[in-house]
Amino acid sequence: MAEGGDNRRHPHNLQGVLRLAVEAGAAGDGQAPAVPMSEERKEWLRGALAEVSKGQMNEVEQMKRCLAVLQKDGMKAKECEGEEGQRDEEEEDEKDERETALEILSEFCENLDNARDLMVLGGLQLCVSQCMGHVQSGVRWRAAQLLASCAQNMPEVQLHLLAIDALPKLLQLTDSDPHPTVRVKALYAVSCLVREQEAGLQSFASQDGFSVLMRGMQSEDERLRTKSAFLLLNLLSAHPEHKGTVLSMGMAEQLVSVLRLPHSSFHEHVLGALCCLVEDCPQGLKDCRSSSLGLEELLKHRAKDLQGREECQEELDFCKRLQATCFQGQQTDDSGMDR
Numbered sequence: 000m001a002e003g004g005d006n007r008r009h010p011h012n013l014q015g016v017l018r019l020a021v022e023a024g025a026a027g028d029g030q031a032p033a034v035p036m037s038e039e040r041k042e043w044l045r046g047a048l049a050e051v052s053k054g055q056m057n058e059v060e061q062m063k064r065c066l067a068v069l070q071k072d073g074m075k076a077k078e079c080e081g082e083e084g085q086r087d088e089e090e091e092d093e094k095d096e097r098e099t100a101l102e103i104l105s106e107f108c109e110n111l112d113n114a115r116d117l118m119v120l121g122g123l124q125l126c127v128s129q130c131m132g133h134v135q136s137g138v139r140w141r142a143a144q145l146l147a148s149c150a151q152n153m154p155e156v157q158l159h160l161l162a163i164d165a166l167p168k169l170l171q172l173t174d175s176d177p178h179p180t181v182r183v184k185a186l187y188a189v190s191c192l193v194r195e196q197e198a199g200l201q202s203f204a205s206q207d208g209f210s211v212l213m214r215g216m217q218s219e220d221e222r223l224r225t226k227s228a229f230l231l232l233n234l235l236s237a238h239p240e241h242k243g244t245v246l247s248m249g250m251a252e253q254l255v256s257v258l259r260l261p262h263s264s265f266h267e268h269v270l271g272a273l274c275c276l277v278e279d280c281p282q283g284l285k286d287c288r289s290s291s292l293g294l295e296e297l298l299k300h301r302a303k304d305l306q307g308r309e310e311c312q313e314e315l316d317f318c319k320r321l322q323a324t325c326f327q328g329q330q331t332d333d334s335g336m337d338r
């Protein structure tokens, strides 16, 4: 028996199946495979490939069952209107079932093919129309998570979600939902719709999305503050054409006021956003140099506090960069030497 013969006859994983498929294709092209393929082996390969296809089909069927759970929830909500207090235990079970269905869908839709299938099945429409406004916060944030999973790096899905008005609903959840996790997950979904997606960014700007980020940075939830500041920095870095829009909203003043709050790690992103606003932008430079902001003194104190703290090196770099851009030239003019 040839060395390794058994392993070649009976691969135990998808890599082995694919290797056999490649060998079979090579044989069809006139290239001799490393081991002649017997009829038994060919039959095993056909069966293994069928199982792979069946697995994908099973995922679609499971997604359909999950959607049936969510659809049933919508129908029962209408049927049971005015019957509160009669089915507490059953409703608790249904809540768990809904949340589990959304979690399964999110996991499946990390696969781009499944995300596309869910869109075709009407799952995204169902999620936007029923789940995002659900009374249970666990359903709302899992719905937002699902939209984020589907929209990541998928222009086709992004455009579909924009067409069915998912973005304004996500912005509303980000801005005003009473549950902090819902707000964080909704902002994550917003990010997946607007980053690297021109149509999404235009819609975001027209719906005052930058104001939503500003209020997010002023919230009490550290996760929301961090994600809001990071998204603002990313958008301003990638799309400097929106600097004028945010400056007209008084963004420079608002960002400086955020820096005056107790120090937090998300201030790194705030300083980065300010750097974007002043570079190659006369209006941003003028706003940040305004004596009423007191930014120069604030930056001096912040740089001193951050000095020698390795974990804050990027924040310190932004701080020095902002100092140099806004005030170094003024100091040179006043003193005749570049400090």
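Just so you know, we're using numbering that gives the first Met the number 0 here: the sequence shown kicks off at 0 and counts up by one. Where is the CB? At the ideal position from N, CA and C, for every residue including glycine.
Selected residue, minimal CA-CA separation from F107, among A147, D286, L273 | Walking along the sequence shown from the start, residue 107 turns up at place 108. Cα-wise, what sits closest to F107 is A147.
Between the C-alpha atoms of T244 and I103, what's the straight-line distance to the nearest angstrom?
-> Position 245 of the sequence shown, counting from 1, holds the residue named residue 244. Position 104 of the sequence shown, counting from 1, holds the residue named residue 103. For T244 and I103, the distance between alpha carbons rounds to 40 angstroms.
Helix, strand or coil at M74 [DSSP, three-state] = Stepping through the sequence shown from its first residue, residue 74 is reached at position 75. Reliability of the predicted coordinates at M74 is poor, the pLDDT of 49 falling under 50, and no value is obtained from them.
Kindly indicate the opening and closing residues of the alpha helix (DSSP H) around H266.
-> Taking the first residue of the sequence shown as 1, we reach residue 266 at position 267. Note, H266: alpha helix (DSSP H), 266–277.
Hey, out of L117, D316, G215, whose CA is closest to V181's CA?
-> The residue given as residue 181 occupies position 182 in the sequence shown. Comparing Cα-Cα distances from V181 to each of L117, D316, G215, the minimum goes to G215.
Could you check what DSSP says for N152 in three-state terms: helix, strand or coil?
-> On the sequence shown, position 153 is the one that residue 152 refers to. Note: N152 maps to coil in three-state DSSP.
In whole angstroms, what separates the C-alpha of C287 from that of R301?
-> In the sequence shown, the residue the question calls residue 287 occupies position 288. In the sequence shown, the residue the question calls residue 301 occupies position 302. Rounded to whole angstroms, C287 to R301 spans 16 angstroms at the Cα level.
Which of helix, strand or coil does DSSP assign to E109?
-> Mapped onto the sequence shown, residue 109 falls at position 110. Coil.
Assigned secondary structure, Q282 (DSSP; H/G/I helix, E/B strand, else coil) = Looking up residue 282 in the sequence shown gives position 283. Reduced to three states, the DSSP call for Q282 is helix.
Is it true that the CB of L276 sits closer than 8 angstroms to the CB of L297?
-> On the sequence shown, residue 297 is found 298 positions in, with the first residue counted as 1. On the sequence shown, residue 276 is found 277 positions in, with the first residue counted as 1. No.
Straight-line Cα distance separating S128 from L145 | Position 146 of the sequence shown holds residue 145. Position 129 of the sequence shown holds residue 128. So the two alpha carbons sit approximately 14 angstroms from each other.
Sub-8 angstroms separation of Q151 and C191 beta-carbons | Position 152 of the sequence shown, counted from the start, is the residue given in the question as residue 151. Position 192 of the sequence shown, counted from the start, is the residue given in the question as residue 191. Yes.
Under the three-state DSSP convention, the category A25 falls into | Position 26 of the sequence shown, counted from the first residue, corresponds to residue 25. In this predicted model, A25 has a pLDDT of only 48, less than 50, meaning its place in the structure is not dependable; the value taken from the coordinates is given anyway. DSSP places A25 in helix when its eight states are reduced to three.
Between Q315 and the rest of its own chain, which residues show a CB-CB distance below 6 angstroms, the 5 nearest in sequence each way excluded?
-> The sequence position of residue 315 within the sequence shown is 316, counting from 1. First, the amino acid is wrong: residue 315 is Leu here, not Gln. Only L305 meet the Cβ criterion.
So, using beta-carbon positions, are A162 and L172 closer together than 8 angstroms?
-> Position 163 of the sequence shown holds residue 162. Position 173 of the sequence shown holds residue 172. No. Outside cutoff.
Tell me whether the beta-carbon of M170 lies closer than 8 angstroms to the beta-carbon of G132.
-> In the sequence shown, residue 170 corresponds to position 171, counting from 1. In the sequence shown, residue 132 corresponds to position 133, counting from 1. Note that residue 170 is Leu in the sequence shown here, rather than Met. No, the pair does not count as a contact, with Cβ atoms beyond the cut-off.
Spatial neighbours of V257 in its chain, beta-carbon cut-off 7 angstroms, leaving aside the 5 residues before and after | Walking along the sequence shown from the start, residue 257 turns up at place 258. Contacts found: M216, Q217, V269.
If you compare alpha carbons, which of D116, R259, A228, L66 is closest to Y187?
-> By 1-based counting over the sequence shown, the position of residue 187 is 188. Ranking the options by Cα distance to Y187, first place goes to A228.
Could you spell out the range, first to last residue, of the alpha helix (DSSP H) harbouring Q353?
-> No statement about residue 353 is possible, as the shown extent of the chain runs from 0 to 338 and does not include it.
Cβ-Cβ separation, C149 to L117 (assumed contact under 8 angstroms), whole Å = Working through the sequence shown from its first residue, we reach residue 117 at position 118. Working through the sequence shown from its first residue, we reach residue 149 at position 150. Indeed, because the Cβ distance is near 6 angstroms, the residues count as touching under 8 angstroms.
So, helix, strand or coil for D115, using DSSP?
-> Position 116 of the sequence shown holds residue 115. Asp is not the amino acid found at residue 115; the sequence shown has Arg there. If DSSP states are grouped into helix, strand and coil, R115 belongs with the helices.
Whole-angstrom distance between L120 and Q327, CA atom to CA atom | By one-based count along the sequence shown, residue 327 stands at place 328. By one-based count along the sequence shown, residue 120 stands at place 121. Each residue's alpha carbon lies about 59 angstroms from the other.
Once you ignore the five residues that flank V255 on each side, which residues in its own chain have a CB closer than 6 angstroms to its CB?
-> Locating residue 255 in the sequence shown gives position 256, where the first residue counts as 1. Closer than 6 angstroms at Cβ, skipping near neighbours: L292, L294.
For L235, decide whether its Cβ has a neighbour in chain B, counting only Cβ atoms nearer than 8 angstroms.
-> The chain labelled as chain B is not found in the depicted structure, where only one protein chain is given.
Which of helix, strand or coil DSSP assigns to P177 = Residue 177 sits at position 178 when you count from the first residue of the sequence shown. Looking at P177 - three-state DSSP - the assignment turns out to be coil, as it is neither helix nor strand.
Ends of the alpha helix (DSSP H) at R301?
-> In the sequence shown, the residue the question calls residue 301 occupies position 302. Here the alpha helix (DSSP H) through R301 covers 294–305.
Other residues of its chain near L223: CB distance less than 6 angstroms, five sequence neighbours each side excluded = Stepping through the sequence shown from its first residue, residue 223 is reached at position 224. Within the same chain, L223 has close Cβ partners R182, V183, G215.
Are V189 and L158 touching if we call contact CB-CB under 8 angstroms?
-> Reading the sequence shown from its first residue, position 190 is the one you call residue 189. Reading the sequence shown from its first residue, position 159 is the one you call residue 158. Contact: no.
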